[in-house]
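A.B. asks: Residue numbers (the UniProt record's numbering): 1 to 293. Every residue gets a Cβ at the ideal spot worked out from N, C-alpha and C, and that includes glycine. Please read all numbers here as calculations on a predicted model, not as lab measurements. Supplied in structure tokens, the structure appears directly below.
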């Protein structure tokens with residue numbers, strides 16, 4: 001952004017010790033939009049005072065965050081709200097300059113490798129096994145335990161780059177591939193797990209009240225691709241002393257999956273220094289609720 005007298009005056013006031021003055025200055029700077037970020041970055045590079053640098057960093061963060069809020073709102077209001085896109089938007093919280101096109105291209109390469117191995121004579125289980133084989137054996141994707149001290153393990157772009165992540169981004173990658181390949185995998189709401197289920201028809205028709213749900217053929221672990229039976233799932237519910245009620249076996253829509261991702265990712269910043277990040281991410285999750293109203 002061109003350095004006008006007004007902008008120069010605003011930047012000069014960033015280090016003002018009066019909190020009220022700084023509050024007004026920061027609001028005005030943020031209202032100018034992300035075009036002012038290069039000016040702020042130049043100021044940061046030419047400022048020796050650490051306190052002023054911290055203020056500049058927070059202003060840049062606030063500008064990126066406002067941009068992300070608008071993009072996530074647009075995604076949620078789009079009738080498609082593509083799952084892979086939603087996950088990449090979450091990556092942009094920590095990596096605001098992410099080039100999304102790069103990851104769409106990688107997803108398409110993965111999709112094509114699976115598609116070449118599929119044919120109309122395969123059973124549903126065989127199709128899922130082909131998908132698993134390409135992701136876990138050909139691409140060597142490795143699942144990790146949920147660890148809130150490793151925030152990058154929650155991000156789908158890091159999974160695509162490093163072929164390593166926890167059940168959340170791996171499950172989202174599997175679901176994204178399945179959607180492109182017309183494989184009926186969906187995420188369900190089993191407690192404390194990121195579990196996918198293969199539905200033999202439209203999951204909207206899954207209105208049964210009995211266990212096992214009649215429209216689910218089998219289950220799949222999001223981190224490893226391991227296949228589970230109804231008996232395995234029933235055993236899990238007995239182990240955690242929770243009855244397998246119908247609500248746990250309904251397919252979650254993409255907004256709910258991204259909302260859950262945000263809520264889990266927020267736990268990575270559960271300390272005083274990063275409290276603002278936790279609040280940001282939870283506010284994005286709440287924003288997805290508002291988009292349903």
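So if DSSP puts residue 221 in a beta bridge, which residue, or which two residues, is it bridged to?
C.D. replies: Taking the chain shown and counting its residues from 1, the one referred to as residue 221 is at position 221. DSSP, once it has assigned bridges, lists 195 as partnering residue 221.
A.B. asks: With distances taken from CA atoms, which of 138, 146, 21, 186 is nearest residue 163?
C.D. replies: For this step, residue 163 is matched to residue 163 along the chain shown. Answer by Cα proximity: 138.
A.B. asks: Taking only beta-carbon atoms, is residue 175 less than 8 Å away from chain C?
C.D. replies: Considering every chain present, this structure includes no chain C. It has just one protein chain.
A.B. asks: So residue 198 and residue 217 are in contact, right, with Cβ under 8 Å, and what is the actual spacing, rounded?
C.D. replies: Counted from its first residue, the chain shown places residue 198 at position 198. Counted from its first residue, the chain shown places residue 217 at position 217. Confirmed, about 5 Å.
A.B. asks: Using a threshold of 8 Å, state whether the C-beta atoms of residue 215 and residue 200 are closer than that.
C.D. replies: Translated into the one-based positions of the chain shown, residue 215 becomes position 215. Translated into the one-based positions of the chain shown, residue 200 becomes position 200. Closer than 8 Å, so yes.
A.B. asks: Go through its chain and collect everything with a Cβ distance to residue 263's Cβ below 6 Å, but skip five positions before and after it.
C.D. replies: Translated into the one-based positions of the chain shown, residue 263 becomes position 263. Excluding residues within five positions, the ones whose Cβ falls inside 6 Å are 285.
A.B. asks: Could you tell me whether the segment 176-192 touches the segment 246-264, where touching means 3 or more Cβ pairs closer than 8 Å?
C.D. replies: Yes: the two stretches touch, three or more of their Cβ pairs being nearer than 8 Å.
A.B. asks: Does DSSP put residue 211 in a helix, in a strand, or in coil?
C.D. replies: As a working mapping, residue 211 is identified with position 211 in the chain shown. Residue 211 falls in the coil class under three-state DSSP.
A.B. asks: Please report the distance separating the alpha-carbon of residue 273 from that of residue 56.
C.D. replies: As a working mapping, residue 273 is identified with position 273 in the chain shown. As a working mapping, residue 56 is identified with position 56 in the chain shown. Taking the straight line from one Cα to the other gives about 17 Å.
A.B. asks: Along the chain, where does the alpha helix (DSSP H) that runs through residue 10 open and close?
C.D. replies: Along the chain shown, one-based indexing puts residue 10 at 10. That run of the alpha helix (DSSP H) goes 5-12.
A.B. asks: Does the Cβ-Cβ distance between residue 174 and residue 131 come in under 8 Å?
C.D. replies: By one-based count along the chain shown, residue 174 stands at place 174. By one-based count along the chain shown, residue 131 stands at place 131. For residue 174 and residue 131, yes; Cβs fall inside 8 Å.
A.B. asks: Okay, do the segment 140-148 and the segment 75-94 touch, 3+ Cβ pairs below 8 Å being the bar?
C.D. replies: Short answer: they don't touch.
A.B. asks: Looking at C-alpha atoms only, which residue of 276, 255, 192 is the closest neighbour of residue 240?
C.D. replies: Numbered from 1 along the chain shown, position 240 holds the residue referred to as residue 240. Among 276, 255, 192, the Cα nearest to that of residue 240 is on 192.
A.B. asks: Check each candidate in 49, 29, 101 and name the one with the smallest Cα separation from residue 61.
C.D. replies: Looking up residue 61 in the chain shown gives position 61. For residue 61, the nearest C-alpha among the options comes from 29.
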